[in-house]
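Chemist: The structure under discussion is supplied below as structure tokens; questions concerning it will follow.
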Amino acid sequence: MKRLAFLTKLWQRHPWWSRPGKELELLALLDGADPQAPQAVRHLWLIRVLGWVRRTDPMRGMRILVDALKDDPARRARVVSMLASIWRDGDVAALLADFGFSPRTSFLNELGERLRRRWLPLSPDTDDLGTLFNLLFDAPGDAQWLASLDEPTLDALGELWADAMRELDAAHHTGSAAQLGWREPFHDAMLYLATQIRAAGFSPAFRSRMGVRVDVDFDAKSSRSDGLAPDATARYAFRHLSQTTERVHELALAHAQEAGPDAPASAALLQEAQYLRALLDTCANAARGIHGHLEAHGISMDLVFQIDQLCERCRRMERLLEAVLSPQPGSVLRGFLVELLQLSEDRRSVRALFTQHYSMLARKVAERSAETGEHYITRTRGEYRAMLGSAAGGGAVMVGTTFMKFAVLSLGLPPFWTGVGAGLNYATSFVVVQWLHFTVATKQPAMTAPAMAAKLEDTRSEAGVEDFVDEVAHLIRSQMAGILGNLMVVAPLVLAVQLLAIWALGAPLVSKESAHYVLKSMTLLGPTLWYAAFTGVLLFASSIIAGWVENWFVLHRLDSAMRWNPRIRARLGARRAARWALWWRENISGLAANISLGFMLGVVPVVAQFLALPLDIRHVTLSAGQIAAAVAALGWEGLRNPQLWWCVAAVPLTGMLNVGVSFALAMRVAVRSRGVRLGDRARLWQAIRRRLWRQPLSFLLPPRVSP
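Numbers in the working numbering are just positions in the sequence shown, counted from 1, shifted up by 251.
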């Protein structure tokens with residue numbers, strides 16, 4: 252437990268190295284302020300001061316710091332000069348414009364950056380104030396205590412910072428910087444952000460997803476149909492964003508020269524600032540509108556990441572604009588600082604990155620699975636009988652799969668190639684089942700769970716809860732029909748084939764040695780249930796792979812390429828190319844699920860064995876077929892073997908775990924991707940128990956009257 256606690260602490264967001272300054276006295280730290288010291292020393296001094304403040308209660312520590320500076324004017328002057336020198340030598344505009352944003356527009360690059368920041372210490376010897384900011388505020392609770400500072404303490408800190416800016420302006424700044432004071436780097440940061448937003452808006456990735464050219468508005472169609480003015484278009488907003496930002500800067504500078512930097516903003520400046528806000532809203536809305544295109548044409552993780560970055564940059568510009576226009580910027584700057592702290596904390600989290608940017612892809616994967624899953628849920632007697640027939644056909648195909656597995660094992664190939672052969676056998680069988688429109692029972696839950704998740708979006712009403720319980724009953728009934736249909740065909744047919752081989756060839760297709768191995772490995776007294784649960788994980792993984800592959804297929808418009816590519820049309824003809832493209836679009840998900848599942852069932856156990864991991868597969872239909880083959884090979888001797896009956900007892904439990912684990916995992920992904928809150932889980936479980944008590948057969952048999 253101690254080791255586990257240590258590892259948990261190590262993985263937490265705060266750094267593993269100790270924060271300096273905790274052991275030093277505050278007055279000694281303040282008296283050690285040296286504005287002429289090297290940059291790294293000055294940064295380290297500031298880190299130590301904040302470390303002392305955070306030593307016990309941060310709010311109390313900050314009040315003590317303010318009182319210590321108030322009591323000694325000379326000490327306060329040294330600290331003011333120290334802060335002014337740090338601000339002077341640092342890249343302030345880069346902190347305001349770039350902090351919290353990835354330098355590259357790639358999801359994987361951002362992931363690598365977060366991992367680097369988590370595991371590698373930062374150096375205070377830098378002019379990047381973003382790095383210094385991360386060193387100063389590296390604890391998860393910094394944003395909370397800073398937001399809770401009382402007004403007197405906040406006013407005192409504001410005066411300290413204002414004195415540092417006045418000293419800096421008098422000593423070093425000239426031109427516009429002298430006129431605007433601390434606001435000048437804020438205007439520079441807004442110009443940097445406007446340039447980045449414009450570049451992103453006109454990037455090929457954005458334009459191609461919107462289906463427009465550079466010389467045509469992003470929303471030209473909607474603007475014509477809605478009668479909007481050209482100024483409201485996204486292209487106009489992206490094009491004029493930088494110009495308007497510069498215009499705001501020019502008006503602010505002119506007003507500061509006339510009335511001073513702290514005077515209330517002029518009417519012309521406020522009007523131009525309002526126009527800039529309108530442009531930012533248009534740019535952000537245009538970027539968010541791409542989500543609709545992605546929903547229909549496939550999700551690109553990098554593009555989702557770029558959209559979020561663009562929207563956040565628009566928000567950052569609005570916050571900076573609010574700060575430079577406010578006559579009393581203290582509270583605005585504190586709110587902005589708190590936002591930066593929260594952003595810094597979020598950017599240290601790898602989980603937050605995946606949660607934020609994979610939710611849309613997870614929802615699309617779940618929705619694509621749900622479209623398939625609707626076909627696996629039976630609601631009427633006719634659908635129930637059709638499911639039994641479809642599952643019976645799947646069981647017949649699994650007979651060949653069972654014997655082919657024994658054939659592959661009998662070849663004596665190396666373990667890896669044995670796994671590949673088994674995977675090829677499984678994948679071929681599953682694809683044949685798909686093409687013949689049959690059913691393999693355990694493949695249903697991973698597909699049906701997303702369809703059920705849609706019912707959870709309306710569980711606040713009693714009718715919504717009853718609809719969900721109805722769907723649970725339909726699903727359980729469908730699973731029972733699927734498993735029953737598979738087992739009632741695969742076991743008798745395998746047994747019949749074995750007996751036919753004994754009659755025709757004088758020996759069964761499966762030897763007694765293989766039969767004894769089957770009974771020994773599939774007994775309930777062994778790790779069969781663990782293997783069955785692991786097989787459920789693979790069943791779930793195959794559905795996720797299917798969703799990813801279909802999303803990739805749609806994203807890259809491969810169906811369109813198959814239909815319109817000149818070489819394909821020349822080889823197949825226009826009509827056949829169109830049919831071929833449609834066939835692939837309708838079947839790519841099923842093929843990906845079946846092929847990936849087949850090879851995972853064959854290869855994963857071999858890889859696990861190589862890594863000395865206790866993992867194997869136990870599929871209910873294949874297990875039943877192998878046990879039936881073993882019974883026929885052993886004859887009456889096998890029926891008297893207790894191991895046989897332990898294996899038979901394991902079959903229904905194997906089916907339950909195959910179904911339950913895959914369904915639970917798929918349900919979890921589907922629910923989380925839709926943002927459904929399950930705060931009323933107790934109501935759902937109570938409704939299910941009530942239905943079980945009043946109508947238990949509804950979970951096993953279809954209704955007599957179709958709904």
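Virtual Cβ for every residue (Gly too), placed ideally from N, Cα, C.
Would you kindly report the start and end of the unbroken alpha helix (DSSP H) that includes H870?
Modeler: That residue, H870, is in no alpha helix (DSSP H); it is neither H nor E in DSSP.
Chemist: Apart from the five residues just before and just after S476, which ones in its own chain have a Cβ nearer than 7 Å to its Cβ?
Modeler: The predicted position of S476 is uncertain, since its pLDDT is 37 and thus under 50; no value can be drawn from it.
Chemist: Whole angstroms are fine: how far does the CA of Q579 sit from the CA of A514?
Modeler: So the alpha carbons of these two residues sit roughly 10 Å apart.
Chemist: Roughly how many angstroms lie between the CA atoms of P455 and W686, to the nearest whole one?
Modeler: P455 and W686: Cα-Cα distance of roughly 40 Å.
Chemist: Throw me the rounded Cβ distance for the N737 and G645 pair, which I believe falls under 8 Å.
Modeler: Indeed they touch by this definition, with Cβ atoms about 6 Å apart.
Chemist: Counting along the chain, where does the alpha helix (DSSP H) carrying E713 start and finish?
Modeler: Counting along the chain, the alpha helix (DSSP H) containing E713 begins and ends at E713 to L756.
Chemist: I'd like to know whether the C-beta atoms of S712 and S793 end up nearer to each other than 8 Å.
Modeler: Not a contact, by the Cβ cut-off of 8 Å.
Chemist: By Cβ distance below 8 Å, which residues in the same chain neighbour V650 in space, the five residues on each side in sequence not counted?
Modeler: For V650, where only same-chain residues beyond five positions count, the Cβ hits under 8 Å are V740, V741, L744, V745, V748 and G876.
Chemist: Could you tell me how far apart the beta carbons of L277 and I315 are, in whole angstroms, since I believe they sit closer than 8 Å?
Modeler: The pair is a contact, with the Cβ atoms about 7 Å apart (cut-off 8 Å).
Chemist: Taking the alpha carbon of G409 as the reference point, which residue from G581, D379 and A880 has its own alpha carbon closest?
Modeler: Nearest C-alpha to G409: G581.
Chemist: On the three-pair Cβ rule with 8 Å, is the region 887-905 touching the region 861-877?
Modeler: Enough Cβ pairs lie closer than 8 Å, so yes.
Chemist: Just mark E722 as buried or exposed, buried being the case when its beta carbon has 16 or more other beta carbons within 10 Å.
Modeler: Buried, since its Cβ has 16 or more Cβ neighbours within 10 Å.
Chemist: For a quick check, are the C-beta atoms of D378 and D342 less than 8 Å apart?
Modeler: Yes, these two residues count as a Cβ contact at 8 Å.
Chemist: Counting along the chain, where does the alpha helix (DSSP H) carrying S332 start and finish?
Modeler: First-last of the alpha helix (DSSP H) with S332: P324 to D340.
Chemist: Could you give the C-beta distance for A642 and T690, rounded to a whole number, given that I count them as a contact under 8 Å?
Modeler: With 8 Å as the limit, A642 and T690 qualify as a contact, their Cβ atoms being about 5 Å apart.
Chemist: Among G911, P375, R299 and G381, which one has its Cα closest to the Cα of L726?
Modeler: Among G911, P375, R299 and G381, the Cα nearest to that of L726 belongs to G911.
Chemist: Examine the Cβ distances between the region 314-331 and the region 364-371 and report whether three or more of them are shorter than 8 Å.
Modeler: Contact fails: fewer than three Cβ-Cβ distances are below 8 Å.
Chemist: At the level of alpha carbons, what is the spacing between A884 and I753?
Modeler: Between A884 and I753, the C-alpha separation is close to 9 Å.
Chemist: DSSP on P1000, reduced to helix/strand/coil?
Modeler: The question about residue 1000 has no answer, for the chain in this structure spans 252 to 958.
Chemist: Count the other CB atoms, across all protein chains shown, that sit within 10 Å of the CB of G392; report buried if there are 16 or more and exposed otherwise.
Modeler: So G392 counts as exposed.
Chemist: Is DSSP giving S793 helix, strand or coil here?
Modeler: In this structure, S793 counts as helix in the three-state DSSP scheme.
Chemist: My output table needs one value for L952: the three-state DSSP class, helix, strand or coil.
Modeler: Of the three classes helix, strand and coil, the one that applies to L952 here is coil, per DSSP.
Chemist: Looking at the secondary structure, which residues open and close the alpha helix (DSSP H) in which A213 lies?
Modeler: The displayed coordinates of the chain run from 252 to 958. Any statement about residue 213 would go beyond what the structure contains.
Chemist: Decide if G633 is buried, meaning its Cβ has at least 16 other Cβ atoms within 10 Å, or exposed.
Modeler: G633 comes out exposed.
Chemist: DSSP three-state call for Q560: helix, strand or coil?
Modeler: In this structure, Q560 counts as helix in the three-state DSSP scheme.
Chemist: Taking just the CA atoms, how far does T496 sit from N845?
Modeler: Cα-Cα distance, rounded: 55 Å.
Chemist: Please classify G511: is it buried, with 16 or more other beta-carbons within 10 angstroms of its beta-carbon, or exposed?
Modeler: Result: exposed.
Chemist: Under a Cβ-count criterion, where at least 16 other Cβ atoms within 10 Å of its own Cβ denotes burial, should K273 be classed as buried or exposed?
Modeler: The predicted model places K273 with a pLDDT of 43, which falls under 50 and marks its position as unreliable; any figure quoted below should be read in that light. It counts as exposed.
Chemist: Could you work out which residue in R570, Q522, L431 and S551 is closest to A505 when comparing CA atoms only?
Modeler: With distances taken between Cα atoms, A505 lies closest to L431.
Chemist: Whose C-alpha, out of I868, T652, P354 and F785, is nearest the C-alpha of S913?
Modeler: Comparing Cα positions, the closest option is F785.
Chemist: Is the beta carbon of L362 less than 8 Å from the beta carbon of V601?
Modeler: Yes; because the gap between Cβ atoms is below 8 Å, this pair is in contact.
Chemist: Could you tell me the distance, in whole angstroms, from the CA atom of S680 to the CA atom of H807?
Modeler: Cα-Cα distance, rounded: 29 Å.
Chemist: Under 7 Å Cβ to Cβ from I819, same chain only, skipping five residues before and after it: list those, please.
Modeler: Result list for I819: M813 and A828, in chain order.
Chemist: What distance in whole Å lies between the Cβ atoms of R539 and C562, which are believed to be in contact at a cut-off of 8 Å?
Modeler: With 8 Å as the limit, C562 and R539 qualify as a contact, their Cβ atoms being about 7 Å apart.
Chemist: Can you look up A881 in the DSSP assignment and give me helix, strand or coil?
Modeler: A881: helix per DSSP, three-state reduction.
Chemist: Tell me which residue opens and which closes the alpha helix (DSSP H) that T219 is part of.
Modeler: No answer is possible for residue 219: it lies beyond the span of the chain, which begins at 252 and ends at 958.
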